[in-house]
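The numbering used here numbers the first residue of the sequence shown as 53 and each following residue consecutively. The beta-carbon is built from N, C-alpha and C at its ideal position, and this holds for glycine as well. Structure record follows, encoded as structure tokens.
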Amino acid sequence: MNEIIVPAKRQLILALSKGRIFEDTLPLLEAAGITVTENPETSRKLILDTSDPDVRVIIVRASDVPTYVQYGAADFGVAGKDVLLEHGGEGLYQPIDLKIAACRMSVAVHAGFDYETAVRQGARLRVATKFVQTAREHFAAKGVHVDLIKLYGSMELAPLVGLSDAIVDVVSTGSTLRANNLVEVEKIMDISSRLVVNQAALKLKRERLQPILAAFERASRIAK
Ligand code: AMP
53 MNEIIVPAKR
63 QLILALSKGR
73 IFEDTLPLLE
83 AAGITVTENP
93 ETSRKLILDT
103 SDPDVRVIIV
113 RASDVPTYVQ
123 YGAADFGVAG
133 KDVLLEHGGE
143 GLYQPIDLKI
153 AACRMSVAVH
163 AGFDYETAVR
173 QGARLRVATK
183 FVQTAREHFA
193 AKGVHVDLIK
203 LYGSMELAPL
213 VGLSDAIVDV
223 VSTGSTLRAN
233 NLVEVEKIMD
243 ISSRLVVNQA
253 ALKLKRERLQ
263 PILAAFERAS
273 RIAK
């Protein structure tokens, strides 16, 4: 019989995604006196133990973090503003901008495409993106007509093979765009990662959660 793990009142589950969010959250956990004892890059385990027997970390896709927290399968998590805008934030309390995994959401086009003229002339643009809500709102606010094409990754490819005129994607150093002969033509917004907390857990597990949230807040303020 499969055993379903129901966390006791003292136990906490933190949802993180691999990569930058995991790495940038480790110092915040350390500030709360918690060390993750396994490395998700080398381990295939999806539930990681920590130095605190009451705290475990689950590794999920970045875009799934808000969903795990919303339904209470994780008590809290760390998710980018890009991901939270697409999710909508339902059932989530978002107390702290941790200022980690900073990047920006931008519009990019092939180096040979005259974006300004296309927009000025009222052309209907084809835009490929994973971030359809954000893209829809951005272009609606500008009064630009767009056909949005939903992709799940490698957005940079779309303008190179004629799938779209433009992409909306997150950009950090810009080297991925440059490597693919794309240029950033418009910044939509700055992005950083936020702590998200399940609203019921915040009430029922406040005693256990509060010191961790306070340590995260202090550590992220110092890091700024
Ligand atoms: P870069 O080449 O440094 O501009 O990084 C751009 C690539 O890394 C894009 O494909 C993004 O999807 C990804 N990326 C960079 N920063 C972040 C971030 N903070 N969160 C999610 N994805 C990111």
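Taking its Cβ as the centre, do 16 or more other Cβ atoms sit within 10 Å of residue i, making it buried, or is it exposed?
| i | result |
| --- | --- |
| Asn233 | exposed |
| Leu212 | exposed |
| Ala266 | exposed |
| Asn250 | buried |
| Leu98 | exposed |
| Lys202 | exposed |
| Lys257 | buried |
| Tyr123 | exposed |
| Arg273 | exposed |
| Gly132 | buried |
| Tyr204 | exposed |
| Thr94 | exposed |
| Pro92 | buried |
| Arg113 | exposed |
| Ser103 | exposed |
Quick one: grab the DSSP three-state call for residue i.
| i | result |
| --- | --- |
| Tyr120 | helix |
| Arg230 | helix |
| Leu80 | helix |
| Phe74 | helix |
| Ala271 | helix |
| Ala160 | strand |
| Ser115 | helix |
| Pro105 | coil |
| Glu238 | strand |
| Asp149 | strand |
| Leu64 | strand |
| Leu212 | helix |
| Leu98 | coil |
| Asp221 | strand |
| Ile264 | helix |
| Leu253 | Here residue 253 turns out to be Ala, not Leu, going by the sequence shown. Ala253 falls in the helix class under three-state DSSP. |
Should residue i be counted as a contact of the ligand AMP given a C-beta to heavy atom distance under 6 Å?
| i | result |
| --- | --- |
| Gly85 | no |
| Val222 | yes |
| Ser227 | yes |
| Gly195 | no |
| Gly129 | no |
| Ala160 | no |
| Ala180 | no |
| Ala163 | no |
| Ala153 | yes |
| Gly174 | no |
| Gly143 | no |
| Gly132 | yes |
Residue i and residue j look like a contact to me (Cβ under 8 Å); what is the Cβ gap, rounded to whole Å?
| i | j | result |
| --- | --- | --- |
| Val171 | Val196 | 6 Å |
| Ser227 | Ile152 | Contact flag wrong, Cβ pair sits at about 20 Å. |
| Val220 | Ile240 | 7 Å |
Against chain B, does residue i count as a neighbour if the rule is that its beta carbon must be under 7 Å from one of theirs?
| i | result |
| --- | --- |
| Arg246 | Among the protein chains of the structure shown there is no chain B, as only one such chain exists. |
Ordered list of alpha helix (DSSP H) runs contained in the stretch 156 to 208, each at least 4 residues: 167 to 172, 184 to 194
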